[in-house]
Structures are given as C-alpha cells and as structure tokens.
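Worksheet for the structure shown next.
Residue numbers (this note's numbering): 23 to 185.
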C-alpha cells in the first residue's frame, strides 16, 4: 500500500522530512515495531481517549499502556477512558481503523506525547494503513503537531527490561 494522500500532502505541505517505512500487514504497534526491527520504545502507538466527552490522541511507546488515571489528573477532567472503535472510527478520514497517525492537527484532535520520546531524535508511527509507517525527526513532529508532553504511561518494569 501507500501512505493515504491526505497524510502525505499534510507532511509535504508542512516541510516535514519523513521516511516511508513499508512492512507486512500487522494490527498492533508492537508487531509493527517488530516488523521494522525497532524497539517498542522507539515506535509510537496512537491511543484514542475520551476526555470529558471529547477525543484526544495519546502517542505512547508501543510496548506501554496509557495510564488513564494519570491522564485524568493532568487534564483536570472528571471523565477519562479509552475510546471504543465506533466512537472514533469516523474521525480519521482515509485511515484504516487502528492505524491512525498521531497527527492531531490534521484531524482537529489534540495530541499528548509521552515524555519518553523527547530523548529520541526521531519518532515512527502508523501512517494510516496496517502496512505503512513513517519516521520523522522529533523536532519536526513537535513543530507540526504541537503536542502536550507528559509521562502518560503505566510503569511496566517487565517491558522495560525486554528492550
């Protein structure tokens, strides 16, 4: 496959230098990272969260889980939970469900970025399909997306030791 046109146009129009990464069809970010020979810490999965009735995107390492309680404290929201597919399915035109990139400005959805990524020079993530990913410089990503940065994940010592 190839990167959906709206995503490619958005990256190009904003002068983002990116590397297109093709891989076998997989349905989890952890498997995508494995297919690309990356660690789970280096690959961002996009988790859609409902915060006080609105959607946000959390970009977290593929080998981690969003800490919903932490996110509730940081946002000051009274209600925070993971979104179900029917709740967000129509919010990402041209993207396969579960393969949305954390490009919230393209979809008019705020993005929160896990603080672990700020130590890395690049960030890789799904590019709208289950066979395509992109890798971009972290500074380009932050300039484009303007995410809120915070520690968003549960501490999972077993996954930290694997890598």
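Ideal Cβ placement from N, Cα and C applies to all residues, glycine included.
- Nearest candidate by alpha-carbon position, reference residue 27, set 113, 117 and 68: 117
C-beta contact flag for residue 16 and residue 81 at 8 Å: Here the chain comprises residues numbered 23 to 185, so residue 16 is not present and cannot be evaluated.
Next item on the list: Sort 64, 113 and 107 by Cα distance to residue 135 and report the nearest one.
Entry: 64
Integer Cβ distance of residue 131 from residue 113, believed to fall under 8 Å:
7 Å
**Prompt:** In terms of residue numbering, what span does the alpha helix (DSSP H) encompassing residue 56 cover?
**Reply:** 51-57
(message) Just list the residues that DSSP pairs residue 42 with in beta bridges.
(response) 156
### Cα-Cα separation, residue 127 to residue 29
11 Å
Report task. Could you please give the first and the last residue of the uninterrupted alpha helix (DSSP H) stretch that includes residue 126? Result -> 126-129
Please confirm if residue 125 has its CB atom under 8 Å from at least one CB of chain D. The structure shown contains no chain D; it is built from a single protein chain.
Point to revise | Contact the segment 93-105 vs the segment 48-67: 3+ CB pairs below 8 Å | key: no
Assign residue 183 to buried or exposed, taking buried as 16 or more other Cβ atoms, counted over all protein chains shown, within 10 Å of its Cβ.
Caution is warranted here: a pLDDT of 38 is assigned to residue 183, below 50, making its placement in the model unreliable, and the coordinate value is therefore given only provisionally. With fewer than 16 other Cβ atoms within 10 Å, it is exposed.
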